[in-house]
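**Q** Counted the way the working numbering counts, the sequence shown spans residues 69 to 201.
Okay, here's the structure, questions in a sec.
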Amino acid sequence: MTRRALREQIFRIIFRVEFNSKDEMMEQIGFSVSEIENLTPEDETYIVDKSGKILTLIEDIDEEIMRVSDGWNIRRIGKAELALLRLAIYEMKYDEDVPYKVAINEALELAKIYCSEDARSFINGLLAKVSVE
C-alpha cells in the first residue's frame, strides 16, 4: 500500500473514536485491518502501531486542537474533520518521519474526499497554526 492509502486507513480508524469507547478501539482496529484486502504484514503493523499511538495521545492532541481553534468546542467540529486533525497533528508533533508540509498536504487531500470545501479551509487554518509554533 502507498503511504496515502495507509494514512486513509488510519483516518478511518480514528474516525471511529467518536462512536466507540476507548476500550473498544483496539477491537475496532482489529476489525478495520481485517476488512482490508491484500494487506501485507508490514502494512498491518504500520496501521495498528500508528493508530494505537494516536489513540494513546488523543487527549493531548485534542488539547492542541482546542488551543489553536480559538475557543471552538471540540464537539462542534465535524467528525471527519476532527479525525483528520487528530491524524495530522499526531504526524506533525509526534512522528519524526513525516515532515510538517506532508502532514498538512495529506490531511487536505483526504479532506477533499471526506469533507466540504469550507471544512478544508478550516483544517488548513488550524494546521497552519500548529506548524508555526
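Even glycine gets a Cβ: it sits at the ideal position worked out from N, Cα and C.
What residue range is occupied by the uninterrupted alpha helix (DSSP H) comprising ILE142?
**A** ILE142 -> no alpha helix (DSSP H), and no H or E assigned at all.
**Q** Taking a contact to mean a Cβ-Cβ separation below 9 Å, would you say GLU159 touches PHE190 in this structure?
**A** Not a contact, by the Cβ cut-off of 9 Å.
**Q** Could you check what DSSP says for VAL101 in three-state terms: helix, strand or coil?
**A** Helix.
**Q** Do you know how far the Cα of THR70 is from the Cα of LEU125?
**A** Each residue's alpha carbon lies about 25 Å from the other.
**Q** By DSSP, does PHE164 sit in helix, in strand, or in coil?
**A** First, the amino acid is wrong: residue 164 is Glu here, not Phe. If DSSP states are grouped into helix, strand and coil, GLU164 belongs with coil.
**Q** Rounded to the nearest angstrom, how far is the Cβ of VAL101 from that of ILE115, given a contact under 8 Å?
**A** At roughly 6 Å, the Cβ-Cβ gap stays under 8 Å, so VAL101 and ILE115 are in contact.
**Q** Hey, could you find the ends of the alpha helix (DSSP H) GLU213 is sitting in?
**A** Coverage of the chain is limited to positions 69 through 201, which leaves residue 213 absent and any answer about it impossible.
**Q** Which word fits MET93, buried or exposed, when buried means at least 16 other C-beta atoms lie within 10 angstroms of its C-beta?
**A** Buried, by the Cβ-count rule.
**Q** What's the C-alpha gap between LEU155 and GLY139?
**A** Straight-line Cα distance between these residues: approximately 20 Å.
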